[in-house]
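Worksheet for the structure shown next.
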Amino acid sequence: MHNANYHAAHTTADAASLLASAEDGVLLAGGQTLLPTMKARLAAPSDLVDISRAEELRGISIADGAVTIGAMTTHSEVASNSDLQTAFPALCSLAGRIGDPAVRHRGTIGGSLANNDPAACYPAAVLATGATISTNTRDIAADDYFQGMFTTALKEGEIITSVTLPIPQAAHYQKFAQPASRFALVGVFVAKYADGVRVAVTGASEDGVHRWTEAEVALSDSFAAEAVADLAVSADGLISDLHGDGAYRANLVKVLTGRAVTAAG
Amino acid sequence: MSEIKMTVNGKPVRGDVKDNTLLVEFIREHLRLTGTHVGCDTSQCGACVVHVNGKAIKSCTMLAASADGAEVTTIEGVANGDLHPMQKAFNDNHGLQCGFCTPGMIMSGIDMVQRYKSAGKTLDEAAIRHELEGNICRCTGYHNIVKSIAQAAGEM
Amino acid sequence: MSQGIGAPVKRKEDKRFTTGKGKYTDDIRMENQAYAAFVRSPFAHARVRNIDTSAAMVMDGVIAIHNGAELTGDGIGNIICGWAITSKDGSPMNMGAWSALATEKTRYVGDAVAIVIAETKAQARAAAEAVDVDYEELPVAATIAAALADDAPQIHENAAGNIVYDWEIGERDATDKALANAAHVTEMDITNNRLSPNPMEPRSAIATFDEAEDHYTLYTTSQNPHVARLVLSAFYQVAPEHKLRVIAPDVGGGFGSKIYIYPEEIACLWASMKTNRSVKWTSDRTEAFLTDAHGRDHLTKARMGFDAEGRIVGFKVSTKANFGAYMSLFSSAVPTYLYATLLSGTYNIPNIYCEVLGVYTNTVPVDAYRGAGRPEASYLVERMMETAARELGKDPAELRNINFIREFPHQTPVIMNYDSGDFEGNMRQAMEAADWAGFAARKAESRARGKLRGIGMSCYIEACGIAPSAAVGSLGAGVGLWESAEVRMNPVGTIEVLTGSHSHGQGHETTFAQVVADRFGVPIDSVQIVHGDTDKVQFGMGTYGSRSGPVGMSAIVKALDKVEAKIRKLAAHLLEVSEADIVIEDAQAKVVGTNKSLAWHEIGLAAYTGHNLPEGMEPGLKEGAFYDPMNFTFPMGCFICEVEVDPQTGKTEIVSFVASDDFGTIINPMIVEGQVHGGIAQGVGQAMLEEVRYSEDGQQLSASYMDYAMPRADDLPNFEVLHHGTTCTTNPLGMKGCGEAGAIGTPPAVINAITSAIGNNDLNMPTTPAKVWAAINAARIAAE
């Protein structure tokens, strides 16, 4: 991999100023995507600003019916947090199936959201819960944040500090793993709130994570797997690759949504 | 270049490394602890797993600089005079053939047993297989690796 | 507990591997070491117009950059294929020239055109990127079909139509006649998917040139260091054999892919002389996908005829085999003598005919991968049998049973002469263990849960222990396939065995020592197995084709025979009895019926002091032997796989897997079972997960673990591994070999299970969930 200047930032403010002074700097969170990308010589930033040890960016707190997770909180910390396991087990379960145990010890929710891989798991939870992504400059609603594969509303130099997810009455994440990478071939997060149901789909679309609004309407009316059984999912715009074509992914979207609803109960 | 300091297998070490040096490169090339291996480029095979501050991580996917100040344990550091129960279990159950993935398997095995024990959860066969998602072995078909970790879980 | 033959002794080599003290090639650092990186073609087929190294040469740390013209200009020879195959019309195979560094044309993505030597690995890579190669892109043929098309590009000048050879075996007319008169003919088109071997240790090499001695040393990831030395000297002219030492230290798996001598090893050796530096190169995983020889990749049309009772009357097979861009070392033999000769399977088939078209494509060379030809044969035969049973409405076990060979030796119509086996016995044992009879109830229970359940069987046979030298020589092999061993008993009674076999996971340091322990009653800790170094070991043909047991250990037995004979003679002399009264056991030479004996060290000392030897006996206790096998060996067995399929997603779970094998004599059942486990896992990988895919323009689409699905722990069940052995009649220990069986027998068992579950036989490997789901839908539509 190409060389890059390394900087350890211990606060968000440090990180922001280091980024601002770098020629082509990027934030290094857990590095579980960025470093393999750099090793493949597909990214060659001039500077790496390591924020993984910024304590102010870590931690999980539950208040007012929502959970706030610091951007540098690792997947394993989310998966094993006992308060969260009680309040929002679907999120723990999702975090506990990202990558593998060693990846979960390094990978962070902030890194995952900033990267917005079209097959990543966290974006589905964040979008399905209508979460708020907080940065060093503003709050961004999930519906505005995800803007297509590897594209987000983040501006240059903007740093995610935390994510606040409203805790649903019931929720479940169904992941169907791509056999090689173990990313989501398709993943569906269903979240039921007093004012309706939200459904977010990852892995399937060429436009990245997205809501399945027809299913949301149907499930808001009747929160049962049968409610989505007769909905049609178009294969248009869905990813077609070695591991499954659009028609197969369309099928998975529907099957996994139904299963998520059943499992959410 | 940056100066980094860390504790590796209980001993303080330091090095002047290029900023893009991966932790595995520091361990293998600077410290010459060659038990930690590299088997892929995409953070999947797990041959490079070591413990950083007590947690299993993939040393091919962490910069050495990010481990500055950390406590690192490699395969060379797990035995304490006698073989670690996980090392012994791999020998007892024929949990290795070519040996290349073995250090990573043992480091992941120790990590998963410790995590399950501290969480008070049972590490059954299905759990071991799931926990091994990040470690690839081409020789054993995993059958005896699963047996090895199960044995060690009972002894650790 | 006994440490002899049959004891599940724990492995001696494990301590170094479990403590991180193994010594693999990349772990070694030489004085004065520099690093190599290769400039590789990004195009599958291109003319190299110019290589401009000016920018790269001035980069930090760059020592030298050399290209193919310089390499061939120095007299380095082309890479060879060591087995000559003759086409139907009597013409020799069309072997296109393969230079370690491509000169005029590149023929696959990854074909190297230059080697860069620099002080560090990073500098070498950066400079390799900066070498400016002017390529003229040429049309690409990335598949068999594309290479055989009328307008296909010509990949090698001397291979018209991209045909390597058009070969045949068996009786065409008799087979056609049998099929014409058959009561039923089963026809299938079968694809055998292309695989990448993926040993976990990537290939690596360190070459050192000693100018003062005019001598080269190569550390390399090889399954056969002596073969490497032979071809590097005799054919590639890198150095004469006595000036080249090849060391294969701990090697992290091979599965065939480390048999061959690759361009990188040749180029590093040559570059070490050019630069007077040790030159080290280690592949990364993507480079491994791009350059390690692939396996399989066959397209086959087959017809099998049956009489009214279900007896096979004829089998006609037409196969197209993808060779990739160049003919690798043993590539030509894989789809011919290692494949078509096994088409009789475990069955009495009076008439067999097979023709094989070898085809060049713009892809990585294809050669032997675990099983090599035999998995392709087994997959074909066992899918045909299963399909025929379904078409005939017969129980698949019974159809097999009425066709099993029961008398030995059995001469098939395709060269092989099976020496022994109990085919029905193995099948019955596997069926019992798999509760074959209870399947219907389990299927009903699955159905009640909305799942589809299937069971599938394969009764494979394979040929191991390659092979009688004269026989393979007559079939075109360029080498003899014997093995050698030397047994050295030291003055203190410890024993060293020097073997030409190479252990890269097989546990030879334990099993070979067990053979010695069994013979003399010495503890295995007093036996050291030495291998992998051409300066230490007299000679060797290496480890592949499950030959270390039947061939490698047979050589050790022959050397042990000689040592034992000398010990007997010496002991009889010292104890003043006749040789017939000496028994060797418990590490003593004892006189029968008395309490007279010599301790083991007393024998060693007597031999080496030479103070009191029988008339004419030379001092010392060191004997060597070369063993040339009498025949191939024929491991066989029955595998039964049971699966459950989720019809909504196509996801398949293997719920049980039983293997019952006949490996002949087993030295260490623990190690043998481990070999079977690993083979089954690779077979499941081929059946359900793995495939190398190319785009039309010859780019590999699956060149990392992000897209090439390696079997993981949660893809596999526990395996039930059983033995039902008969003794091989053609080698001294009665061994058949076990290294490849799992990979050979598994794919058809898995696919027969899945197709039975989903009710659609039109399914190709790997059975990804998407494919299975589509096949379920197709069956549903067909049924409606």
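So the protein sequences, as listed, match chains A, B and C.
Okay, so the first sequence: first residue is -4 according to my numbering, each after it adds one.
Okay, so the second sequence: first residue is 2 according to my numbering, each after it adds one.
Okay, so the third sequence: first residue is 99 according to my numbering, each after it adds one.
For each residue, glycine too, the CB sits at the ideal point set by N, CA and C.
Are any of the Cβ atoms in chain C nearer than 9 Å to that of residue i?
{"i": "Gly40/B", "result": "yes"}
{"i": "Pro104/B", "result": "yes"}
{"i": "Tyr117/B", "result": "no"}
{"i": "Val269/A", "result": "Outside the shown range of chain A (-4 to 260) lies residue 269/A, about which nothing can therefore be said."}
{"i": "Thr35/B", "result": "yes"}
Are any of the Cβ atoms in chain A nearer than 9 Å to that of residue i?
{"i": "Gln746/C", "result": "yes"}
{"i": "Ser302/C", "result": "no"}
{"i": "Gln45/B", "result": "yes"}
{"i": "Ala120/B", "result": "yes"}
{"i": "Glu134/B", "result": "yes"}
{"i": "Glu217/C", "result": "no"}
{"i": "Lys148/B", "result": "no"}
{"i": "Ser800/C", "result": "yes"}
Can you tell which of the options has the C-alpha that lies nearest to the C-alpha of residue i?
{"i": "Met128/C", "options": "Pro237/C, Tyr317/C, Thr461/C", "result": "Tyr317/C"}
{"i": "Ala431/C", "options": "Gly777/C, Cys179/C, Gly735/C", "result": "Cys179/C"}
{"i": "Ser676/C", "options": "Ala685/C, Ala250/C, Ala663/C, Pro845/C", "result": "Ala663/C"}
{"i": "Ile111/B", "options": "Met371/C, Thr116/C, Asn290/C, Gly166/C", "result": "Thr116/C"}
{"i": "Glu788/C", "options": "Lys110/C, Asn291/C, Thr184/C, Gly104/C", "result": "Asn291/C"}
{"i": "Arg49/C", "options": "Gly840/C, Ala847/C, Pro745/C", "result": "Residue numbering for chain C in the displayed model covers 99 to 882; residue 49/C lies beyond these limits and cannot be assessed."}
{"i": "Phe737/C", "options": "Glu882/C, Ala200/C, Leu861/C, His822/C", "result": "His822/C"}
{"i": "Val344/C", "options": "Gln780/C, Glu363/C, Thr218/C", "result": "Glu363/C"}
{"i": "Pro473/C", "options": "Ala881/C, Pro733/C, Thr461/C", "result": "Pro733/C"}
What is the rounded straight-line gap between the Cα of residue i and the Cα of residue j?
{"i": "Thr828/C", "j": "Asp517/C", "result": "7 Å"}
{"i": "Ser544/C", "j": "Gly60/A", "result": "42 Å"}
{"i": "Cys140/B", "j": "Ala704/C", "result": "45 Å"}
{"i": "Arg586/C", "j": "Met298/C", "result": "34 Å"}
{"i": "Leu673/C", "j": "Lys656/C", "result": "26 Å"}
{"i": "Pro118/A", "j": "Leu149/A", "result": "14 Å"}
{"i": "Ser652/C", "j": "Ser582/C", "result": "9 Å"}
{"i": "Thr63/A", "j": "Thr159/A", "result": "4 Å"}
{"i": "Asn515/C", "j": "Pro507/C", "result": "6 Å"}
{"i": "Phe421/C", "j": "Thr459/C", "result": "7 Å"}
Counting contacts by CB-CB distance shorter than 9 Å, is residue i in contact with chain B?
{"i": "Lys170/A", "result": "no"}
{"i": "Ile752/C", "result": "no"}
{"i": "Pro163/A", "result": "no"}
{"i": "Gly776/C", "result": "yes"}
{"i": "Ala109/A", "result": "no"}
{"i": "Gly120/C", "result": "yes"}
For the beta strand (DSSP E) containing residue i, list its first residue and its last residue.
{"i": "Ser376/C", "result": "376 to 380"}
{"i": "Val689/C", "result": "686 to 689"}
{"i": "Trp265/C", "result": "261 to 268"}
{"i": "Tyr117/B", "result": "Careful: Tyr117/B lies outside any beta strand (DSSP E), inside the alpha helix (DSSP H) at 103 to 120."}
What residue does the alpha helix (DSSP H) around residue i start on, and which one ends it?
{"i": "Lys59/B", "result": "Note, Lys59/B: premise wrong, no alpha helix (DSSP H); beta strand (DSSP E) at 56 to 59."}
{"i": "Pro448/C", "result": "From DSSP, Pro448/C is part of no alpha helix (DSSP H); its letter is neither H nor E."}
{"i": "Leu658/C", "result": "652 to 673"}
{"i": "Tyr243/A", "result": "241 to 259"}
{"i": "Thr124/A", "result": "Note, Thr124/A: premise wrong, no alpha helix (DSSP H); not H, not E."}
{"i": "Phe618/C", "result": "606 to 618"}
Quick one: is the Cβ of residue i within less than 8 Å of any heavy atom of the ligand GTP?
{"i": "Thr763/C", "result": "Ligands are entirely absent from the displayed structure, and the ligand GTP is therefore not among its contents."}
Output, in chain order, the set of chain D residues within a Cβ distance shorter than 8 Å of residue i.
{"i": "Tyr803/C", "result": "The structure shown contains no chain D; its protein chains are A, B and C."}
Item to check | beta strand (DSSP E) segments (min. 3 residues) lying fully within the segment 813 to 845 of chain C | outcome: 818 to 821
Checklist entry - What runs of the beta strand (DSSP E), each 3 residues or longer, lie entirely inside the segment 679 to 764 of chain C? => result 680 to 683, 686 to 689, 695 to 697, 720 to 725, 734 to 743, 750 to 760
Item to check | Contiguous alpha helix (DSSP H) assignments of at least 4 residues, all confined to the segment 235 to 312 of chain C | outcome: 242 to 246, 270 to 278
Checklist entry - Curious, which full-length beta strand (DSSP E) runs of at least 3 residues does the segment 73 to 107 of chain A contain? => result Not a single unbroken stretch of the beta strand (DSSP E) spanning 3 or more residues falls wholly within the segment 73 to 107 of chain A.
Item to check | Completely contained beta strand (DSSP E) runs for the segment 17 to 93 of chain B, where each covers 3 or more residues | outcome: 50 to 53, 56 to 59, 72 to 74
Item to check | alpha helix (DSSP H) runs wholly inside the segment 315 to 339 of chain C, at least 4 long, in chain order | outcome: 323 to 332
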